[in-house]
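Here our numbering = 1-based position in the sequence shown + 192. Taking it in order: structure first as structure tokens, then the write-up.
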Amino acid sequence: RLLRAEPRGEVGTPAQLAVVTFAPRRPELSVAECNAVVERAVERLTADGYAMVTSTQVWGRTVLRFCLIHPQATIGEVGETVERLARFCAES
Numbered sequence: 193r194l195l196r197a198e199p200r201g202e203v204g205t206p207a208q209l210a211v212v213t214f215a216p217r218r219p220e221l222s223v224a225e226c227n228a229v230v231e232r233a234v235e236r237l238t239a240d241g242y243a244m245v246t247s248t249q250v251w252g253r254t255v256l257r258f259c260l261i262h263p264q265a266t267i268g269e270v271g272e273t274v275e276r277l278a279r280f281c282a283e284s
């Protein structure tokens with residue numbers, strides 16, 4: 193629900209086995225530019241150290257890959273991860 197409600201992005205694939213993909217909503221960018229934005233966002237989040245999100249390819253687009261199976265993860269932490277990634281994608 194947090195990802196679907198985020199206006200700066202869109203769910204790429206619905207949750208399956210605790211994995212959901214998410215892509216920034218940047219219509220002014222080409223697919224290649226948007227792919228680069230996603231890769232930079234992953235690098236920034238990794239450097240930030242807050243959470244671990246990877247990227248993957250879905251139908252020719254690079255998207256953020258969330259795997260939400262940690263038993264102690266809270267909805268607040270997931271929301272903060274979404275916020276950071278959306279901000280990183282918007283700033284790139």
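We put the beta carbon where it would ideally sit given N, CA and C, even for glycine.
S222 has its alpha-carbon roughly 23 Å from the corresponding atom of E275. Counting C-beta pairs with one atom in each stretch, the segment 250-260 and the segment 217-235 have three or more that are closer than 8 Å, which means they touch. Non-local C-beta neighbours of C281 in its own chain, meaning closer than 6 Å and more than five positions away in sequence, comprise P216, V229, A233, ordered along the chain. Cβ-Cβ distances below 6 Å link T213 to G204, T205, V250, V255, R257 in the same chain, with the five nearest sequence neighbours on each side left out; the list follows chain order. In this chain, T273 is not harboured by any beta strand (DSSP E); it is covered by the alpha helix (DSSP H) spanning 267-283.
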